[in-house]
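I have placed the structure first, in the form of structure tokens, so that the comments after it can refer back to it.
Here you go:
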């Protein structure tokens, strides 16, 4: 099955302020340059996150760890993700899409025993202290996530 892209109504003149044919042509060149730059960075090892979806060993380790956490007698009541920018947006988007509104405010029974999910996406000390003071740290799972592995804000959290 072929995919057909109809971009007729994003071009000018049908759309006032639309993209001109010259701009469209320049965009293809700019994209090719950007793509080559990403490929070069990836081959140098600085974009390792691009390999994660194909890393079967890491997938197996992750699934084994998740199963070990689930099988504990004392399961986590809270999962706290420490991340900035895109490292925080993914977990927030998944929680929003896959959980009912106000998931963290539901009683344990209403959540089926599943943990609350908190995402600390900034370095505001008042916000961090407010969350940490409400958690049972012995029953909390902390996940530190950073695309680069050295995000200053994530390290500050």
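Residue numbers (my numbering): 208 to 364. All C-beta atoms in this analysis are idealised placements derived from N, C-alpha and C, irrespective of residue type, glycine included.
The straight-line gap separating the alpha-carbon atoms of residue 249 and residue 330 is approximately 29 Å.
In this structure, the beta-carbon distance from residue 324 to residue 298 falls below 8 Å. Looking at the DSSP output, residue 349 shares a beta bridge with 287. By the C-beta criterion, the region 302-310 is judged not to be in contact with the region 265-280, since fewer than 3 inter-stretch pairs fall below 8 Å. Counting along the chain, residue 323 sits inside the beta strand (DSSP E) bounded by residues 323-327.
Here residue 226 is bridged, per DSSP, to 218.
In this structure, the straight-line span from the alpha carbon of residue 290 to that of residue 221 is close to 43 Å. Within 10 angstroms of the beta-carbon of residue 261 lie fewer than 16 other beta-carbons, which makes it exposed.
Boundaries of the alpha helix (DSSP H) around residue 341: 332-341.
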